[in-house]
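Asks: Here you go, one structure.
There are 2 protein chains.
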Amino acid sequence: MSATFSSVDISDVRFPTSVSLVGSDALNTDPDYSAAYAALRTTDGDAGYGFVFTLGRGNEVAVAALAAVADLVVGLPVDEALANLGAFSRRLTHDSHLRWLGPEKGVMHMAIGAVVNAAWDLAARRAGEPLWRLLSELSPGQIVDLVDFRHLSDALTRDEALAILERSAAGKDERISNLLARGYPAYSTSAGWLGYSDAKVADLLSQAVASGFTHLKFKVGLDIEADVRRLKMVRDLVGPDILLSVDANQSWDVPDAIANIQRLAAYSLYWVEEPTSPDDVIGHRRIARAVAPTLVATGEHVANRIVFKQLLASGAIGVCQVDACRVAGVNENIAIMLLAAKFGVPVCPHAGGVGLCEVVQHLAMFDYVAVSGSTEGRWIEYIDHLHEHFEDPVRVANARYRAPRAPGSGAALLPGAVAEFSFPSGPAWVRAGRTA
Amino acid sequence: MSATFSSVDISDVRFPTSVSLVGSDALNTDPDYSAAYAALRTTDGDAGYGFVFTLGRGNEVAVAALAAVADLVVGLPVDEALANLGAFSRRLTHDSHLRWLGPEKGVMHMAIGAVVNAAWDLAARRAGEPLWRLLSELSPGQIVDLVDFRHLSDALTRDEALAILERSAAGKDERISNLLARGYPAYSTSAGWLGYSDAKVADLLSQAVASGFTHLKFKVGLDIEADVRRLKMVRDLVGPDILLSVDANQSWDVPDAIANIQRLAAYSLYWVEEPTSPDDVIGHRRIARAVAPTLVATGEHVANRIVFKQLLASGAIGVCQVDACRVAGVNENIAIMLLAAKFGVPVCPHAGGVGLCEVVQHLAMFDYVAVSGSTEGRWIEYIDHLHEHFEDPVRVANARYRAPRAPGSGAALLPGAVAEFSFPSGPAWVRAGRTA
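Chains as they are written, first to last, in the working numbering: chain F, 2 to 437; chain U, 2 to 437.
And the structure:
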């Protein structure tokens, strides 16, 4: 008898990061980085892992959403699901009841993404390969079968996607060798949190430059005068050759975004990230036209491929920041990477949080090998925290992500970390005396 | 000591509507119309009511989201909250942790809307007025204080909103009298569900026309040949003077939408609703230009005021279908009505479901009295089911909603209905022998 999915074990894991102000920005002032963590188990006894990343409060809502997705998955035959992860993913995103709760956005969509990612983690473990390599070795036809072209065909048809992938098929082996030898470029956000003092920023900055980073990102958006002052300080410290980007975390309306970016651009900005609401396609386009050559970047809060379609096709963004855990998992990220390739926009994944670095590196490396074929103008975000809790933590050396070699997607937490940081009953929370 | 919010009692209420195919359309083939129902209680012993409408599966996720919102509300002073419902609503929508789960979209946002609506229900009960009248009697300055202009100012400033309201202040009393005497126009969707046979459609159609309806809506989108055939049948039955609209429930990609609407327009369409993804602003604009003079309508799945801003400002829709329970409650609906007024687009609220008719009538009547000042080209959707479970059910006579006179927002279910249809342990579900 063939194996079925036996359960989805769900854990509410929270790290008390608000104590250190790691992760503080214009909108997120005191996050406790958290994960609604799913272990998709089979009757064969193995499992794949995925998670919804959250900021603390509300992690239990993501847990409830995972349970609703689990109801659709438990009992399905494993081999059939893994052999056609396109159909598996569409079955979840188009469930006629759950779809009402988005559609294709918010907590429900994030939970679907976590379960889709867990199925990919399982597939990669069973194949004995890291996810980036499993994906890269699929044929162009197999890759387009993973994509849901619904509501995309005005911008990207299946045939156009196939042509993009076929063009990039040449040179795949060489790019895989490159990755294994040299890794993938990273940029650093570690120095730039809003809650940090000038002295701490200067110290972290020097460390980042000494470690080889040539592209650094800073948080802005609470107070433009303070932003200008700090950016000037940073530019004076690092000199003209380091790329500097800023992240406003949606804090501006469109007219303010344009005025503020024009002021900050005096210190030579590479990109401005989340200048305004992630839902504002037309606003992003207005900003992009007004602030060129500074690039407009967004993605970590963009709900789905349909919003990305508009951002990319209309020239509203010059940098596409896919997030492993916001959209419906690997499959929807492939759709977005294909759209980005069609419209010539580099993919620079959002990372940080809990385990986002571990997971998005697979997506960026697949993009390089099989979709865009390039690392030009591309970096994976790097933030140095919480990696120690993962089974296969990222390895970043000389500002490059080393290509993962262990089987899987990178999403698996160490069992000890899940126990220690389970909320509210794990030892870390009992010790902290905090239940919220 | 002044009263505080003592609890939010949350119920998982589901009606087994899938048995009758009421509510069947191109995307929603077997809904069990449901509500995650919240009673916002005070230490004074009174309460206000609100709910998230869902299609069945996943209602428990909305219940979990309501509990997360309740954590932010319980303990707050009631008088202060009700005296400044603008601040109350912004406190919930901009909670720095919960916002990550949207932002401002999906289950979390819907749950915030339910609690905001429950606060308004309480305010109207305490004022002894129906909600539409309480809102209508606020001054222009009080109304703009309710609105969150964040991410709107490129399209609508506070001053512009104030000017719109001041212009409409003249004639308020006359419009209130009109409403009380004559009610508000309705259109009917009751005859047009996809799961119904031709004979049942023809029968319901005759009943609707006999009851005075001059505007009817039909579901399309599964099969264009069948849609054309049914629309021809309907047009032949009703003659040229009845307005006919269709609702595709997002089933088309943009190019198909244009081609299909052009075929259906042979039978003289008034509006086409949800031709494609609700997230596709640019797609809606392309469709609107191609199918004029047929109007493009959408809204029941539009996540927030920022997406509405773009749809309205760019001419992508000619009919704005606000939904009482998708966006963050009364406050965000006021923002959307002001945007619609600025761009000259009629508001025709989405209704049906569980209690949507009961609640949206208050919004449409407020729009008429205080915002747009007109019922020209405006109707509230009417579907005749589940009203019997509400404390103050809608009264529709001669195709017009009678103005509600009872205090409150219309959201309160009868306590007996909550008990009977509680899922999965209520008597209705135990009898049905179904737990999913």
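Built from N, CA and C at the ideal position, the CB exists for glycine as well.
(1) Taking only runs that begin and end inside the stretch 221-251 of chain F, name each unbroken alpha helix (DSSP H) of 4 or more residues, in chain order.
(2) At 9 angstroms on the CB atoms, spell out the chain F contacts of U:Asn305, in chain order.
(3) If the criterion is Cβ atoms closer than 8 angstroms, does the pair F:Ile318 and F:Val361 meet it?
(4) Using a Cβ cut-off of 7 angstroms, pull out every chain F residue sitting near U:Thr18, in sequence order please.
(5) Relative to chain F, which residues along the stretch 393-413 of chain U have a C-beta separation below 7 angstroms, given in chain order?
(6) Consult DSSP for F:Tyr197 and reduce its assignment to one of helix, strand or coil.
(7) Could you confirm whether any beta carbon from chain U is found closer than 8 angstroms to the beta carbon of F:Lys343?
(8) When you compare each of U:Ala69, U:Pro17, U:Asp33, U:Arg379 to U:Ser246 by their alpha carbons, which one comes out closest?
(9) Which same chain residues end up closer than 7 angstroms to U:Val210 when comparing Cβ atoms and leaving out the 5 residues on each side of it in sequence?
(10) Alpha carbons only, please: which of U:Gly114, U:Thr190, U:Asn332, U:Leu163 is nearest the one belonging to U:Glu274?
(11) Output yes or no for whether 8 angstroms exceeds the beta carbon distance between F:Phe16 and F:Asp33.
(12) If you measure beta-carbon to beta-carbon, which residues of the stretch 151-174 of chain F are closer than 9 angstroms to chain U?
(13) Could you tell me the distance, in whole angstroms, from the CA atom of U:Thr5 to the CA atom of U:His98?
(14) Tell me the residue span of the beta strand (DSSP E) that contains F:Val75.
(15) Taking buried to mean at least 16 other C-beta atoms within 10 Å of its own C-beta, is F:Val431 buried or exposed?
(16) For a contact defined as C-beta to C-beta under 9 angstroms, what are the partners of F:His285 on chain U?
(17) Output the boundary residues of the alpha helix (DSSP H) element that contains U:Ala329.
(18) Listed in chain order, which residues of the stretch 39-64 of chain U have Cβ atoms closer than 9 angstroms to some Cβ of chain F?
(19) Determine, using beta carbons only, whether F:Phe391 and F:Asn60 come nearer to each other than 8 angstroms.
(20) Buried or exposed: U:Pro426, going by 16 or more other Cβ atoms within 10 Å of its Cβ?
(21) Run through chain U and tell me which residues come within less than 8 angstroms of F:Trp430, C-beta to C-beta.
(22) For the stretch 86-115 of chain U, enumerate the residues whose C-beta is nearer than 9 angstroms to any C-beta of chain F, in chain order.
(23) Give the DSSP bridge partners of U:Asp13, in chain order.
(24) Taking F:Ile337 as the reference, give the member of F:Gly354, F:Leu364, F:Gly356 with the closest Cα.
(25) Pick out whichever of U:Ser140, U:Glu377, U:Phe219 has its Cα sitting closest to the Cα of U:Asp199.
(26) By Cβ distance below 6 angstroms, which residues in the same chain neighbour F:Ala156 in space, the five residues on each side in sequence not counted?
(27) If you measure from the beta carbon of U:His386 to each beta carbon in chain F, is any gap under 8 angstroms?
(28) Exposed or buried, U:Val9, counting other C-beta atoms within 10 Å across all chains shown (16 or more means buried)?
(29) I want to verify the contact list: residues of chain U whose CB lies under 9 angstroms from the CB of F:Gln311, in sequence order.
(30) Run the CB neighbour count on U:Leu181, radius 10 Å, all protein chains shown included, and call it buried at 16 or more, exposed below.
(31) Alpha helix (DSSP H) containing U:Ser169: first to last residue?
(32) With a threshold of 6 angstroms on Cβ separation, who are the neighbours of U:Ala433 within its own chain once the five nearest residues in sequence on each side are excluded?
(33) How many Å lie between F:Gln208 and F:Val202 at the Cα?
(34) Which chain U residues are close to F:Ala84, counting only those with a beta carbon under 7 angstroms from its beta carbon?
(35) Grab the span of the beta strand (DSSP E) containing U:Trp101 for me, first residue to last.
(36) From the DSSP output, in three-state form, read off U:Glu81 for me.
Replies: Let's see:
(1) Within the stretch 221-251 of chain F, the runs of alpha helix (DSSP H) at least 4 residues long that lie entirely inside it are, in chain order, 225-239.
(2) Within 9 angstroms Cβ-Cβ: Ser278, Asp280.
(3) No, they are not a contact pair.
(4) None at all; the shortest Cβ gap to chain F is about 12 angstroms.
(5) none
(6) coil
(7) Residue contact with chain U for F:Lys343: absent (no Cβ-Cβ distance below 8 angstroms to any residue of chain U).
(8) U:Arg379
(9) Cβ neighbours of U:Val210 beyond the five flanking positions: Val239, Ile243.
(10) Per the Cα distances, U:Thr190.
(11) yes
(12) Arg151, His152, Leu153, Ser154, Asp155, Ala156: these are the residues of the stretch 151-174 of chain F whose beta carbon lies less than 9 angstroms from some beta carbon of chain U, given in chain order.
(13) 23 angstroms
(14) Where F:Val75 is concerned, there is no enclosing beta strand (DSSP E), given that its DSSP letter is neither H nor E.
(15) exposed
(16) Residues of chain U passing the Cβ test: none, with the nearest at roughly 10 angstroms.
(17) Element bounds for U:Ala329: n/a, residue is neither H nor E.
(18) If the cut-off is 9 angstroms between Cβ atoms, the stretch 39-64 of chain U has Val53, Phe54, Thr55, Leu56, Gly57, Arg58, Gly59, Asn60, Glu61, Val62, Ala63, Val64 near chain F.
(19) Annotated as distal: F:Phe391 and F:Asn60, with beta-carbon spacing of 8 angstroms or more.
(20) Position check: residue 426 of chain U holds Ser in this sequence, whereas Pro was assumed. Burial call: exposed.
(21) Within chain U, not a single residue places a beta-carbon under 8 angstroms from that of F:Trp430; the smallest gap is close to 16 angstroms.
(22) Answer in chain order: His95, Asp96, Ser97, His98, Leu99, Arg100, Trp101, Leu102, Gly103, Pro104, Glu105, Lys106, Gly107, Val108, Met109, His110, Met111, Ala112.
(23) U:Ala37
(24) F:Leu364
(25) The shortest C-alpha separation from U:Asp199 is found at U:Phe219.
(26) Lys310, Ala314
(27) no
(28) buried
(29) Asp280, Asp281, Val282, Ile283, Gly284
(30) By the neighbour-count rule (16 or more Cβ atoms within 10 Å), U:Leu181 is not buried but exposed.
(31) 159-170
(32) Pro17
(33) 10 angstroms
(34) The contacting residues do not exist; F:Ala84 stays about 26 angstroms from chain U at best.
(35) That residue, U:Trp101, is in no beta strand (DSSP E); it is neither H nor E in DSSP.
(36) Annotated three-state conformation of U:Glu81 is helix, per DSSP.
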